[in-house]
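Student:
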Amino acid sequence: MLIALFAFCGLVIGPLLGIIVDRAVERERPEAQHRCQQCSADLGPQSLIPILHWFRSCPSDPSHRNWRYVLVDVGTAAAFGLAAWRFGSTWMLTPYLVLFAVLVVMSVIDIETHLLLNVLTYPAFAVGLFAVLSLSGPQGHEDAIWPAVVGALVFGGAILLAFLAYPPGMGLGDAKLAPTLGLALGWLTTDPLAAARLSFYALIIGLLGSSIVGLSLRGLKVLGAKAEIPMGPGLVVGTMAMVALSERVIGL
Ligand SMILES: [Zn+2]
């Protein structure tokens, strides 16, 4: 019931998150409504109605597909459902809902533009660190502060090393996103070693997943042979999977 409720909340706020994605992808957009991705025709205020807006076609050409908005909605609903399943009605649900919403936005922007924007990655880490430091004590979760820092260092350090070793494979944006992901994983445990393991597993799932999906899309000619494969969405999916499965994988 709780999972369905939060998945539905994801569908409702999805169109609003889509506006943030729009702003990032097409910089000079003052108005708060969606535009067709292909011809920039105005989709009107109805484009913000949850779920129903999926079925609205572009007014200038009905064949234009606006997959970006559907992806944001479905991604947010899936992420919120996963968070509700993992945390139930505990205090930890709220910080992870906020984090997941931000990660969905960053992933869709990365898929479209191959950029993880500083304007999102830096504040995400700052807000995440603030949440860890300010909420852990009052909630009796202070033993998780150090593991959260270890997770951030391990995940951030590993991606930074990968970037320095092979710049074409990994972007600097990935290295800026990674500490936030490690922080979120490490905060789940009171054992620094478990925090490092969670970060490592999420990293492996992310890199393997991105490579398999990317190479398959190249094979199917959806992407060109030399097309860049964004790693951010894979790292995000790996992190969400490890957040969800952390209890089972490391026996918290
Ligand atoms: Zn159009």
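Counting from 93, one number per residue, gives the positions in the sequence shown under the numbering used here. All C-beta atoms, glycine included, are put in the ideal place defined by N, C-alpha and C. Quantities reported herein were computed from a predicted structural model and do not represent experimental measurements.
Compute the beta-carbon to beta-carbon distance between Leu208 and Gly324, rounded to the nearest angstrom, for a pair I have assumed lies under 8 Å.
Tutor: Correct: roughly 5 Å between the Cβ atoms.
Student: Check whether the region 174 to 192 and the region 144 to 163 are in contact - that is, three or more C-beta pairs closer than 8 Å.
Tutor: The region 174 to 192, when compared against the region 144 to 163, does not touch it at the 8 Å Cβ threshold.
Student: At which residues does the alpha helix (DSSP H) containing Leu207 begin and terminate?
Tutor: From DSSP, Leu207 is part of no alpha helix (DSSP H); its letter is neither H nor E.
Student: Compute the Euclidean distance between the alpha carbons of Ala96 and Thr205, then round it to the nearest angstrom.
Tutor: Approximately 31 Å between the Cα atoms of the pair.
Student: Suppose the cutoff is 7 Å on Cβ atoms and the five residues either side in sequence are ignored; what does the same chain contact list for Trp146 look like?
Tutor: Correct list, in chain order: Val162.
Student: For the region 102 to 169, which segments carrying the beta strand (DSSP E) assignment without a break, of at least 3 residues, lie completely within its bounds, in sequence order?
Tutor: Listed in chain order, nothing qualifies, since the region 102 to 169 has no complete beta strand (DSSP E) run of 3 or more residues.
Student: When every heavy atom of ligand 1 is checked, does at least one fall within less than 7 Å of the C-beta of Gln152?
Tutor: The sequence given here places Ser at residue 152; Gln does not occur at that position. Ser152: yes, Cβ under 7 Å from ligand 1.
Student: Under a three-way DSSP split, which group does Lys268 fall into?
Tutor: Correct three-state label for Lys268: helix.
Student: Using DSSP with H/G/I as helix, E/B as strand and the rest coil, what is Val314?
Tutor: Looking at Val314 - three-state DSSP - the assignment turns out to be coil, as it is neither helix nor strand.
Student: Since I believe Gly298 is in contact with Leu290 (beta carbons under 8 Å), could you give me their beta-carbon distance rounded to a whole number of angstroms?
Tutor: Their Cβ separation, rounded to whole angstroms, is 12 Å, which puts Leu290 and Gly298 out of contact at 8 Å.
Student: Measuring alpha carbon to alpha carbon, tell me which of Lys318, Leu327, Ala133 ends up nearest Ala294.
Tutor: Closest option to Ala294, Cα to Cα, is Leu327.
Student: Does the beta carbon of His156 fall short of 7 Å from some heavy atom of ligand 1?
Tutor: Checking every heavy atom of ligand 1 against the Cβ of His156, one is found closer than 7 Å.
Student: Mapping DSSP to helix, strand and coil, what is Ser303?
Tutor: Note: Ser303 maps to helix in three-state DSSP.
Student: Does the beta-carbon of Ala133, which I'm using as the reference point, lie nearer than 7 Å to any heavy atom of ligand 1?
Tutor: Because some heavy atom of ligand 1 lies under 7 Å away, the Cβ of Ala133 counts as near it: yes.
Student: Express the C-alpha separation of Phe217 and Ala270 in angstroms, rounding to a whole number.
Tutor: If you take the alpha carbons of Ala270 and Phe217, they lie about 9 Å apart.
Student: Out of Val117, Arg127, Pro322, Leu135, state which residue places its alpha-carbon closest to the alpha-carbon of Leu264.
Tutor: When only C-alpha atoms are compared, the closest one is Pro322.
Student: Would you kindly report the start and end of the unbroken alpha helix (DSSP H) that includes Thr331?
Tutor: Where Thr331 is concerned, the enclosing alpha helix (DSSP H) stretches over 324 to 342.
Student: Is it right to say Asp235 is buried, meaning 16 or more other beta carbons lie within 10 angstroms of its own, or is it exposed?
Tutor: Result: exposed.
Student: So, using beta-carbon positions, are Ala193 and Leu109 closer together than 8 Å?
Tutor: Yes, they are a contact pair.
Student: Excluding the 5 residues flanking Asp283 on each side, which residues of the same chain have their C-beta closer than 7 Å to its C-beta?
Tutor: Hits under 7 Å: Pro239.
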